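Visitor: Quick one: structure below, then a few questions.
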Amino acid sequence: DGGITQSPKYLFRKEGQNVTLSCEQNLNHDAMYWYRQDPGQGLRLIYYSQIVNDFQKGDIAEGYSVSREKKESFPLTVTSAQKNPTAFYLCASSTGTSGRFETQYFGPGTRLLVL
Amino acid sequence: SQKIEQNSEALNIQEGKTATLTCNYTNYSPAYLQWYRQDPGRGPVFLLLIRENEKEKRKERLKVTFDTTLKQSLFHITASQPADSATYLCALSRGSARQLTFGSGTQLTVLP
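Protein chains in written order, with my numbering: chain A, 1 to 115; chain B, 1001 to 1112.
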């Protein structure tokens, strides 16, 4: 089955700790995205990558870091600098070849909680 | 600044009726608009895309309209069913990059 997987489903972070959220896709998509969703709010873009070894900051990149060493993988690290990390994190991908009219395919999400 | 508003946080309708959800935007000129469905604790799922030069798009029981003069999109679900209960998100394209800006969503409940 083609799709996007995110792990873990739930993640707990202690104060001052960095944690990494995994995102893998086997859709052969070039573009990948990370969003944060807070209760009652829309998705806010953290980082995106349109090609391997390249990524750009989104609207709320502070306190987060990413890497894109492989086409299939786009891990997100929530650093200790992110003071309010509790949220639902969603990874998405798109083909990257359909010009501007692309739809995004989402993973099942990771819920991050602070201990 | 750019802003997207979806009509209400929650909408309850009776089974069999048509649900109409609204997405209004300001300070945007999106090339296209998309609607997604999100179930609790899950990632959004794409439903429909409509381009700026299209007035209406249909898919089975779903219909989307796009009025660039009013800066508004309407999303209709006809013959609604309890299984249609979910949160529906509108998303607008941003500039020339493959980025989307999402609204906060409308939670639809279809009552049996």
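Quick reminder that beta carbons are idealized off the backbone N, C-alpha and C, glycines included.
Keep in mind it's a predicted model, so treat the numbers as computed, not measured.
Which first and last residues belong to the beta strand (DSSP E) in which H1076 of chain B is found?
Guide: Q1072 to I1077
Visitor: Please name the residue or residues paired with T95 of chain A in a DSSP beta bridge.
Guide: Bridge partners of T95 of chain A: none, in fact.
Visitor: From which residue to which residue does the beta strand (DSSP E) around A31 of chain A run?
Guide: A31 to Q37
Visitor: Beta-carbon separation of T1101 of chain B and L1089 of chain B under 7 Å?
Guide: no
Visitor: What does the Cβ neighbour count give for L45 of chain A, buried or exposed, with the cut at 16 atoms within 10 Å?
Guide: With 16 or more other Cβ atoms within 10 Å, it is buried.
Visitor: What does A1031 of chain B pair with, by DSSP beta-bridge criteria?
Guide: DSSP output for A1031 of chain B lists no bridge partner at all.
Visitor: Verify the CB distance criterion: does S94 of chain A have a CB-CB separation below 7 Å to chain B?
Guide: yes
Visitor: Given that E72 of chain A touches chain B, what residues does it touch there, using C-beta distances under 9 Å?
Guide: Going along chain B, no residue has its Cβ under 9 Å from E72 of chain A, so there is no contact; the nearest lies around 17 Å.
Visitor: At what residues does the beta strand (DSSP E) containing D1067 of chain B begin and finish?
Guide: Counted as a single uninterrupted DSSP element, the beta strand (DSSP E) harbouring D1067 of chain B occupies residues L1062 to D1067.
Visitor: What separation, rounded to the nearest whole angstrom, lies between the Cα atoms of Y48 of chain A and G58 of chain A?
Guide: 7 Å
Visitor: Please specify which runs of the alpha helix (DSSP H), each continuous and at least 4 residues long, are wholly inside the segment 51 to 86 of chain A, giving them in chain order.
Guide: none
Visitor: For a cutoff of 7 Å on Cβ pairs, would you count P108 of chain A as touching chain B?
Guide: yes
Visitor: Should I1050 of chain B go down as buried or exposed, given a rule of 16 or more other Cβ atoms within 10 Å for buried?
Guide: buried
Visitor: Taking the straight line between their C-alpha atoms, what separation do you get for R1094 of chain B and A1031 of chain B?
Guide: Each residue's alpha carbon lies about 8 Å from the other.
Visitor: Alpha carbon to alpha carbon, how far is G1041 of chain B from G109 of chain A?
Guide: 8 Å
Visitor: Starting from L1011 of chain B, follow the beta strand (DSSP E) in both directions and report where the run begins and ends.
Guide: A1010 to Q1014
Visitor: For A1086 of chain B, list the residues DSSP reports as bridge partners.
Guide: Answer is B:L1108, bridged to A1086 of chain B.
Visitor: Taking the straight line between their C-alpha atoms, what separation do you get for V66 of chain A and E1015 of chain B?
Guide: 44 Å
Visitor: Have a look at V1110 of chain B and Y1036 of chain B and give me their C-alpha separation to the nearest angstrom.
Guide: 17 Å
Visitor: Flag S1104 of chain B as yes if its beta-carbon sits less than 7 Å from any beta-carbon of chain A, otherwise no.
Guide: yes
Visitor: Does the CB of Q41 of chain A have a neighbour CB from chain B at under 7 Å?
Guide: yes
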